[in-house]
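In terms of our numbering, the sequence shown opens at residue 679 and continues consecutively.
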Amino acid sequence: MRLVAPLRSFGRADLASAGGKGANLGELTAGGFPVPDGFVVTTDAYALVASGLTARDDVERAEVPAELRREIAAAYEELGGGPVAVRSSATAEDLPGAAFAGQQDTYLNVVGEQALLDAVRRCWGSLWTDRALAYRDRLGIDHGEVRIAVVVQRMVEAEAAGVMFSADPVTGERGHLVVDASAGLGEAVVSGLVTPDHYVLTPDGRVVDFRPGRREVVVRGTAGGGVVHERGDGTPGERLPDAALRELAALGTRVAAHFGRPQDMEWTYAGGRISLVQARPMTALPPPPVGRLNPLQRKLLTVLLEYVPVRPYPIDMTTWAPYGPAGLMARVTAYFGLRGAFEGFLEERDGVVYRLRPPRPRPTARLLGTPFRFLAKARRYDPARWTEDPRLPAFLRATRELNELDLAALPWSELVRVPRRALDAVQPIAGVRIDYLPGAGRALVRLLLALKLRRRGRLFGDLITGARTRTSDANDALAALAAEGPDGPRFEEMFRAFLAEYGHRETATPLLVTPPTWADAPQTVLDLVKVLAAGPPAPQPPGGDALGRLLASLRSPRAKAKLARLVRDARAGVAFREDSHFYFTMPLPVLRRSLLELGRRLFEDPQDVFHLRLEELEAIGDPATADLRALRSAVTARAARREELAGVRLIDPRAIYPVRATGDALAVGAPAGAGVATGPVKVIRDPSEFGKLDGGDVLVCPYTNPSWTPLFQRAAAVVVDAGGSASHAAIVAREYGIPAVMGTGDGTTVLADGRLVTVDGDAGLVTAAAPQDA
């Protein structure tokens, strides 16, 4: 049992005894970095004194055994006595996903043996402050598993001090270092007491940007111990010397390389020398900028950003993400000679999805024969008859058998195989898509060409919206529920029938298994019913009228018959694309339920299973006898990392939707639905907020999918962060004749609930509106 040991004797492997701060500083010391000398009062010492104590006051008043007092005194004497800095170092801090910045206490300029012992006890007690308890609760960290060490270092009387990031914490740029500095001790910068000097540096120390601070406060040590806060004059002071900036940049770059990831460091400057007093992994760091995108990458990211509105879990990445719609499209594009369009676009770090990476589509030799394969498929497979394909009933039988399983009654050995059975069931649908999509594509192209030859190309969108699909069936069923009303005598029966038929529809995205389906979140459906019941019946889509107008303008019966056939075939192609997706997602609920049943048998919270990978679950022979400590530790670490990234976007939307000059516009995007409308903003961030929408509101949302379609029947206009003119929201907006602006990138951020705006779907602009404009 080590109670006290020199700082230099610890390294990254000593987290359990030295805590995060102590282990990192010991690693830097051993690596030859300029770290003030010191020692660590280990977690064993804490356990010896504070075992069983969980109240701050009790820990701070605890008696320190004579042996420990002697060891601390000896280490202090060896250090030379005098002023020291005393910093807490918990075993859960300074980790990827759990920085614990500011959660435990630090004491500067501590002088004398008794003052040092008191500071050590106060550091121990800070493990049990309300803020520390709340922080660990938020991250799901077991309080009983956390221990605390204390780092004692020789005090540096800094002329200037501050913090340094080895990557830009705002942009994610890894080629820049960011330094905040101020006069005196670094406490002023760390605690936010001062507006610091702000430097952006290149790795060689060149200043890219500099903003002077105001030095409102200067923190300095006093002769007898402790610190004093001196009032500053609020004016900029002297910049750090160029040599100091070069040394900071070099140190920051070396530390990041040593630890293998961007670092958040605290530093001091005294006597012309830089010292490092802390280093920990940067948290909540945005992904690095994606750089210049080619047109195809931008187009693909427009689609992917719309379909990945939430951060996937590890279970998503090993189940529905590679086997569901994205995996299906990867197989389709690979068949026709293009790889990389729907693969590898989600990057994981520390077991958690970190960023949305630009796809890198690459043609293969197979692409040369694609025109011949495409035409052969188009001639052989008619999308209007795809439901007669024998692969569909086989798929439906397999799905029905899965849904009939009593998951709760299955033994583990059978239950753990259900997710793989569900994933296997959907694979034949990839072949169906490969066979019938060419015919759908050919039908749409033939109609568009025929219309353009007659100079009627503008009718294309209206003509294809008349297709009868399972989505329109669901919308009609929702309208019937709204007409019946929640108090109607048949409502409960109708509602159960609705969920039985359509409950597998996704709420957030069809690409992931973790978000609930309609059956899992029936309140989503009830909110849609509420929205529909609050206003008059929705107008009929304009497709039928467009066809009638077109045919009426033609004199030749033959021409009429030909165009009617082309419209019918194009609508069949649209229906195939929509309906094959409807059926393809039918195994989603049983896949999700089986995973949650596995989670129920492993964890107190069944949804903890989302933090595991499918292969990790499949490797468990029997949870009653297996050692699950490693898995539960992985869940805790990944949950903490996910929590850290909660406010970090998977990709900066500005990379996909470049900022354009807006004039007096509040938001700018791609024009996607003709017309102009004015109304109050209603920001709907996810399906749980569907019930907020009132008739005549401007729907502002981050994304949409078919589950959102009924909202378009009540909205005056729609503004979406993601997507383009061919995305779901744009198509539905045109179908219902309301203005739409897509791909604003920041509409949900810059437009506030209740603000009266005008949406110009022709220009792609959202502007402020005066009350009389409504």
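A virtual CB, placed ideally from N, CA and C, is assigned to each residue, including glycine.
- The closest CA to that of A751, considering only S729, A1230, G915 and V718, is found on V718.
- CA-to-CA, the gap between E749 and R680 works out to about 10 Å.
- DSSP places T1077 within a helical segment (H, G or I) once states are collapsed to three.
- Cα atoms of A763 and L1034: separation of roughly 42 Å, rounded to the nearest angstrom.
- The three-state secondary structure of A866, taken from DSSP, is helix.
- By the neighbour-count criterion, in which a residue is buried when 16 or more other Cβ atoms sit within 10 angstroms of its Cβ, L1306 is exposed.
- G698 sits in a helix when the DSSP states are folded into three classes.
- With a threshold of 16 other beta carbon atoms within 10 Å, L926 meets it and is buried.
- R1124 and I1298 have their C-alpha atoms roughly 54 Å apart.
- If you draw a straight line from the Cα of R1327 to the Cα of G912, it is about 36 Å long.
- Distance from the CA atom of P1267 to the CA atom of A1175, rounded to whole angstroms, is 16 Å.
- Exposed is the label assigned to Q1105, since fewer than 16 other Cβ atoms lie within 10 Å of its Cβ.
- The shortest C-alpha to C-alpha distance from P1200 to any of G862, R747, A696 and F1368 is the one to F1368.
- Remark: C-beta atoms of F688 and G700 approach each other more closely than 8 Å.
- For S767, the enclosing beta strand (DSSP E) covers residues V762 to A768.
- Contact between the segment 751-760 and the segment 789-797 is present, with at least three C-beta pairs closer than 8 Å.
- For the alpha helix (DSSP H) assignment, the uninterrupted runs of no fewer than 4 residues enclosed by the segment 1066-1114 are, from N- to C-terminal side, 1069-1081 and 1090-1093.
- For T1356, the enclosing beta strand (DSSP E) starts and ends at V1354 to V1361.
- In the DSSP assignment, H936 falls within the unbroken alpha helix (DSSP H) covering D920 to F937.
- For T1149, the three-state secondary structure derived from DSSP is helix.
- When DSSP reads this structure, F1052 sits in no beta bridge, so it has no partner.
- Take the alpha-carbon of V1191 and the one of I1362: they are about 22 Å apart.
- Burial state of E1082 is exposed, judged by a 10 Å Cβ sphere holding fewer than 16 other Cβ atoms.
- In this structure E908 is exposed. Its beta-carbon is surrounded by fewer than 16 other beta-carbon atoms within 10 angstroms.
- I1329: not part of any alpha helix (DSSP H); DSSP gives it neither H nor E.
- A straight line joining the alpha-carbon of E1025 with that of Y1032 spans about 6 Å.
- Judged by DSSP in its simplified three-state form, V988 adopts coil rather than helix or strand.
- DSSP lists V1346 and D1438 as the beta-bridge partner residues of L1443.
- Looking only at K977, G899, T880 and L1269, the smallest Cα-Cα distance to L1085 is reached by L1269.
- Of the residues S1091, G1139, A1348 and F1073, the one whose Cα lies closest to the Cα of D1300 is S1091.
- Excluding residues up to 5 positions away in sequence, L1137, D1140 and L1141 lie with their Cβ nearer than 7 Å to the Cβ of A1224 in the same chain.
- Counting the other Cβ atoms within 10 Å of the Cβ of K1055 gives 16 or more, which makes it buried.
- In this structure, the CA atom of Q956 is about 22 Å from the CA atom of G903.
- Inclusion of A1062 and A1250 in the CB contact set at 8 Å is warranted, their separation being smaller than that value.
- By the criterion of at least three beta-carbon pairs nearer than 8 Å, the segment 981-994 is not in contact with the segment 1009-1016.
- No Cβ-Cβ contact shorter than 8 Å links A1333 with P940.
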